[in-house]
Amino acid sequence: MKLSFSGRLWVLLVALAALALLAAACGEPPPDQSAEGGGQSAGETTGEGATEETTSEETTSEETTSEETTAQEALTPGEGSLVVYSGRSEELVGPVFEQFEERSGVDVQVRYGETAELAATILEEGENSPADLFFAQDPGALGALDDEGRLTELPDEVLDAVPARFRADDGDWVGTSGRARVVAYNTEELSAGDLPDSIFDFTDPRWEGRIGWAPTNGSFQAFVTALRVLEGEDRARAWLEGVQANDPFVYPDNLTAVEGVASGEVDVAFVNHYYLFQVREEEGEDIPVRNYYLKDGDPGALVLAAGAGILDGAENPQAAEEFLEYVLSEEAQQYFADETHEYPLIEGVEIDEELPPLSEIQSPNVDLSNLDDLGGTLELLQETGVL
Amino acid sequence: MTAPPTGLTERVRGGRARRAPVLLWVPAAVVVAAMLLPLAYLAVRSLEGGWQEVAEVVLDGETLAVLGRSALLAATVTAASVAIAVPLAWLTARTDLPGRTAWAVLAALPLVVPSYVGGFVLVSTLGPRGMLQGFLEPLGVERLPEIYGFPGAALALTLFTYPYVFLTVRGALRGMDPAMEEAARSLGSGGWETFFRVTLPQLRPAIMAGALLVALYALSDFGAVSLLQYDSFSAEIYLQYRSAFDRTPAAILALMLVALTIAVLLVEGRTRGRGRYHGSTAARPAATVALGRWRWPALLFCGGVVVLALAAPVGVLVFWLVRGLAEGEPLRPLWTAAWSSVYASGLAAGVTVLAAFPVAILSVRYRGKASGLVERTTYLGYALPGIVLALSLVFFGANYAPWAYQTLGLLVFAYAIHFLPQAVGAVRSGLLQVRPSVEEAARGLGRGPLRVAATVTAPLASAGITAGAALVFLTTMKELPATLLLGPTGFETLATRIWSATSEAFFARAAAPALLLIALSAVPMYLVVIRERAK
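Chains as they are written, first to last, in this note's numbering: chain A, 1 to 387; chain B, 1001 to 1535.
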């Protein structure tokens, strides 16, 4: 009895190994056909994509004999397929890719991940990177790739679609949607009138134990960089030390910070404007949180952007450009405004009535591509004990 | 620990004189070479900025302080895990605890809860204004004490890793020949004395094997420590990648973590000793200890652990799911992601166990410096944070093996490097309970070495092999960084679905894949525990 069970177990193990070899020959399991969110009937496109994949797999496995060669869409050149590394999550931008596939007939292959990790991946891959386009959560990662000469210059019609402050100086990346830095506050504890005009007033001892922030967050770090650029190193350090002296609550990300405001754990949090809408989706419309926009060009009212750039080794730069044109089209920008509650960067798109228009935010006058000294910011955050 | 009649001959046979056949050395060498790949990458990256930068990072007081904090966390988590797991294992294996098989299954299951899910749940339940505070609010509790920082991180890691020790110790208790304990009892030792002087020493290798996995996991984990805001060394490494885009300091830090791992392995090696643990006769079950009145505290203890480590996270996930559904969140189809998870994890389990076999045989049957070194090498990949391992294979894959890059093959290879020690440890303890004389008899009767391994050794060590495969399977189910960076483009698993949902904070959306992941991982875990009962 015992031996026969064990015997079968051994057979199972051998069968698993055989399966491994078989898997190598046949490629990976079918890709997920998650047609969801705002995408309208992506069925056709997905179907076409699948057929193309099968054929490309067949050719690859005929060419090589190794057992490790499986589905190889990523490295199959051209033929209208676009490889995107996306630091923005599938929940948010998946529908944009689906719509683009439908509009253009281009097959889109997306690898999702954390923005910084994907940037590191592209740097490690070097010239062999299969990616055509990098879609990043923040300009910092794009700047890092740009510094290493890994991005190519974009055509003027793409660059000119957005205001100058939302694109790279050298034209190597373009902003795709905007996010405003705000002070989220608990409406049961505070009213807008209680809040100061400037972020510098939060160093006042009356805010002790009432502030939440997320120092590991990319947008927060971009804000600190802006603070250094606009106000100088000393003022930035003084602000960090001042808030630190008020014993702020440290959150792992913006979202939990807004939840902290909602639950009353803290009274205010320095976050991006759209997290409020996400927490509402989770916890209901009636949570006691509002966004407050700082005034008079205060660094705390900075407007950041998610963006994208085309890689130097892109095998399909044409499709990548087409995609950027689509992302900056009215349709896609309207999607961002409606679904992710971000700011559209082109003219003539309607935004949520609760949001002040981009032009009314009294944001500081700073060029996003000047916010590339993340290393210096990190050092400052560590020196002041914030990180 | 060897039985008297064969003791002498075995000591001679187990000595260094015996040389392992090429058939073992070659695959073992391949495994070692694979393990050294990430280290080679880290060395290359570290030296990019010259020795100057290496010295700067290594000698920075802050860096060393963080390294110390990580070591403290690992030590605490390991000690707490042993303290929870050994009594649990003994209660479920040796006593008349009511429903002991069910308790055994439940006590093993927290291992299937990913640390990023468990940590998240812990924060939202036990946080200063979390769910528990909500329940207690009518009683006037305004704020619970902080769980962030060291206590929270240690609690989360202990709750979701103690099963490593529980599984190995329980396996050893069930496989142990009761003759020694019976002898001790018949010579007048009491129950407690027998446990501490006879049983516990025999359990030492099992405790150490489990403890080693717990300690190294605690060093490498990022999910729980980041959610609970403990500034550990792995969090520091992630921070370098995430916000500085500079891979050199990250690589230097990772090498320091490797050095700490080697130190842990050296400590463990010193305590391992040279005992052999196969009994003199075929194992028979030990007598069951009657708990009597102690039944109630025992039940309370088991219940407390299971509630905290399993029922609470599952309950909170179900709550989120129900709340999401009530607010009109659609249930999305998960079958493709679930199938990808099971398929990739199954492949990883098969490949990893096959790779573990030569290493385990070498270290058990051909003991010596070299085979010990081979076995220790397999632990290096396990202690590396996932992102470091993933990026090293990105580097090698994209530049030296483009035909394999972003294929399932390379992903499974990454899983195998990452989780090999789990399989080696389990297969090794399986082999330790197989008497070499049985294999030699088979050889003497004319079977070839491969056939003996397949038809005699593997079946006899099958409990260890199954346990190893199950461990690799369920840790692969949870794996995230390598899956994201190395999987075929568009490859979706349950773990990536959870990540995708939580990264934008759709709790309701994360709850369904998280529950499915826990349910699917529970199946092999259940089979392992149940199968042990059949012995």
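Yeah, the Cβ is synthetic: ideal placement off N, Cα and C, and Gly gets one too.
Residue i: first and last residue of the uninterrupted alpha helix (DSSP H) it sits in
i         : result
A:Pro119  : Residue identity differs from the one stated: residue 119 of chain A is Ala in this sequence, not Pro. Run containing A:Ala119: 115–125, per the alpha helix (DSSP H) assignment.
B:Asn1399 : 1386–1400
B:Ile1361 : 1335–1365
B:Leu1106 : 1100–1108
A:Asn254  : 254–263
B:Tyr1379 : Premise fails: B:Tyr1379 is in no alpha helix (DSSP H) and is neither H nor E.
B:Val1214 : 1200–1220
B:Thr1476 : 1462–1478
B:Ile1237 : 1233–1239
Endpoints, the beta strand (DSSP E) within which residue i is located
i         : result
A:Ser86   : 81–86
B:Trp1192 : Segment 1191–1194 is the alpha helix (DSSP H) holding B:Trp1192; no beta strand (DSSP E) there.
A:Val303  : 303–311
A:Asn186  : 174–186
A:Val268  : 268–272
A:Ile211  : 211–213
A:Arg290  : 289–292
A:Leu133  : 133–136
Three-state secondary structure assigned by DSSP to residue i
i         : result
A:Val108  : strand
B:Thr1125 : helix
A:Glu379  : helix
A:Asn316  : coil
A:Tyr335  : helix
B:Leu1228 : coil
A:Ala50   : Per-residue confidence for A:Ala50 stands at a pLDDT of 37, beneath the threshold of 50, marking its modelled position as unreliable; the derived number appears in the next sentence. The answer is helix: DSSP assigns A:Ala50 an H, G or I state.
B:Thr1095 : strand
A:Thr64   : In this predicted model, A:Thr64 has a pLDDT of only 39, less than 50, meaning its place in the structure is not dependable enough to derive any value.
A:Val349  : coil
B:Val1168 : The sequence given here has Thr at residue 1168 of chain B, not Val. Looking at B:Thr1168 - three-state DSSP - the assignment turns out to be helix.
B:Trp1064 : Reading the sequence as shown, one finds Leu at residue 1064 of chain B and not Trp. The answer is helix: DSSP assigns B:Leu1064 an H, G or I state.
B:Val1374 : helix
A:Val386  : coil
B:Arg1332 : coil
A:Phe249  : strand
A:Thr152  : strand
B:Tyr1405 : coil
A:Tyr343  : strand
A:Arg167  : strand
B:Val1289 : strand
Residue i: contacting residues in chain B (beta-carbon distance under 8 angstroms)
i        : result
A:Leu324 : None at all; the shortest Cβ gap to chain B is about 20 angstroms.
A:Val83  : Thr1489
Per-residue contacts from residue i into chain A (C-beta, under 9 angstroms)
i         : result
B:Tyr1162 : Chain A residues near B:Tyr1162: none, gap ~24 angstroms exceeds 9 angstroms.
Anticipated Cβ contact below 8 angstroms, residue i with residue j, distance rounded
i         : j         : result
A:Ala257  : A:Val271  : 5 angstroms
A:Gly178  : A:Leu304  : 7 angstroms
A:Gly140  : A:Asp367  : At roughly 14 angstroms, the Cβ-Cβ gap does not stay under 8 angstroms, so A:Gly140 and A:Asp367 are not in contact.
B:Thr1194 : B:Ala1184 : 5 angstroms
A:Ile211  : A:Leu294  : So it is not a contact: roughly 14 angstroms between Cβ atoms.
A:Tyr112  : A:Glu90   : 5 angstroms
Residue i beta carbon near the ligand GTP (any heavy atom closer than 7 angstroms)
i         : result
B:Leu1187 : What this structure holds is no ligand at all, so the ligand GTP is not there to describe.
Under 7 angstroms by beta carbon: chain A residues contacting residue i
i         : result
B:Ile1387 : Glu117
B:Leu1485 : Gly113, Glu117, Thr121
B:Ser1437 : What B:Ser1437 touches in chain A: nothing, since even the nearest Cβ is about 18 angstroms away.
B:Gln1422 : The premise fails here: B:Gln1422 is roughly 16 angstroms from chain A at the closest Cβ pair, so nothing lies under 7 angstroms.
Cross-chain neighbours of residue i in chain B, by beta carbon under 7 angstroms
i        : result
A:Val250 : Gln1229
A:Ala305 : Neighbours of A:Ala305 on chain B: none; closest Cβ ~18 angstroms, over 7 angstroms.
A:Ala414 : Outside the displayed span of chain A (1 to 387) sits residue 414 of chain A, for which this structure offers no information.
A:Ala120 : Tyr1241, Phe1245, Arg1247, Leu1391
Contacts of residue i in chain E (Cβ-Cβ under 9 angstroms)
i         : result
B:Ser1226 : Judged by its chain identifiers, the structure shown contains no chain E, and its protein chains are A and B.
Relative to chain B, which residues along the segment 99–118 of chain A have a C-beta separation below 9 angstroms, given in chain order? Legend: CB atoms of the segment 99–118 of chain A lying less than 9 angstroms from CB atoms of chain B belong to residues Gln109, Val110, Arg111, Tyr112, Gly113, Glu114, Thr115, Ala116, Glu117, Leu118.
With 7 angstroms as the C-beta to C-beta threshold (strictly closer), list the residues of the segment 348–374 of chain A near chain B in chain order. Among the residues of the segment 348–374 of chain A, those with a Cβ less than 7 angstroms away from any Cβ of chain B are Leu374, in the order of the chain.
Identify each residue in the segment 125–155 of chain A for which the Cβ-Cβ distance to at least one residue of chain B is less than 8 angstroms, and report them in chain order. Those would be Glu125, Gly126, Asn128, Ser129, Pro130, Gly140, Ala141, Ala144, in chain order.
Where the segment 281–303 of chain A meets chain B: residues whose CB sits under 8 angstroms from a CB there: Glu281, Glu282, Gly284
Contact residues within the segment 204–236 of chain A, judged by C-beta distance below 8 angstroms to chain B: Thr216, Gly218, Gln221
Given a limit of 8 angstroms on CB to CB distance, which residues of the segment 1137–1156 of chain B reach chain A? Tyr1148
Between the segment 1369–1400 of chain B and chain A, which residues of the former have a C-beta closer than 7 angstroms to a C-beta of the latter? Ile1387, Leu1391, Val1394, Phe1395, Ala1398, Asn1399
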